[in-house]
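Note that the sequence shown covers residues 17 to 104 in our numbering. The beta carbon of each residue, even a glycine, is placed where N, CA and C say it ideally should be. Bear in mind that the values here come from a model prediction, so they are computed numbers and not experimental data. Report on the structure given below.
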Amino acid sequence: LQAHAGSGIVIGHVRGLNRHPTGDLLHPLGLIASEGHGNLVITRCPPAWKQVLAIWGRPTSDRLLMKAVKAKLDPDCIFNPGRFVDGI
């Protein structure tokens, strides 16, 4: 684990996960992050896991704003379609 005291960001790396992680691993970590008004974001995993994991964490209110900005700046969805939060 690597923790940044100034920003409150904690980065962790789990080695040796050969199969899809279950809620048993991710749910408690998400709860801890939520208690600190944070979120659990998965920065790297196999592409197949992205279909079933909430890699951007729990939904937050700012996602509506991000979608609106994306719609204004890229109405044809040609810039990295589906590669950002919630498929933006």
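Considering just the uninterrupted stretch of the alpha helix (DSSP H) at residue i, what are its terminal residues?
i	result
Val85	Asp78 to Leu89
The beta strand (DSSP E) that contains residue i, what's its start and end?
i	result
Ala64	Ala64 -> not in any beta strand (DSSP E); alpha helix (DSSP H) instead, spanning Pro63 to Lys66.
Val57	Taken as a continuous stretch (DSSP letters only), Val57 belongs to no beta strand (DSSP E), as it is neither H nor E.
His20	Gln18 to His20
Check each candidate in the options and name the one with the smallest Cα separation from residue i.
i	options	result
Ile71	Ser77, Ala84 and Pro63	Pro63
Trp65	His53, Ala49, Arg79 and Leu42	Leu42
Can you give the beta carbon distance from residue i to residue j, rounded, assuming they're within the 8 angstroms contact cut?
i	j	result
Ala19	Val26	5 angstroms
Gly46	Leu56	4 angstroms
Asp102	Arg79	6 angstroms
Gly105	Gly24	No statement about residue 105 is possible, as the shown extent of the chain runs from 17 to 104 and does not include it.
Tell me residue i's beta-bridge partners as DSSP assigns them.
i	result
Val30	Answer is none; Val30 lacks a bridge partner.
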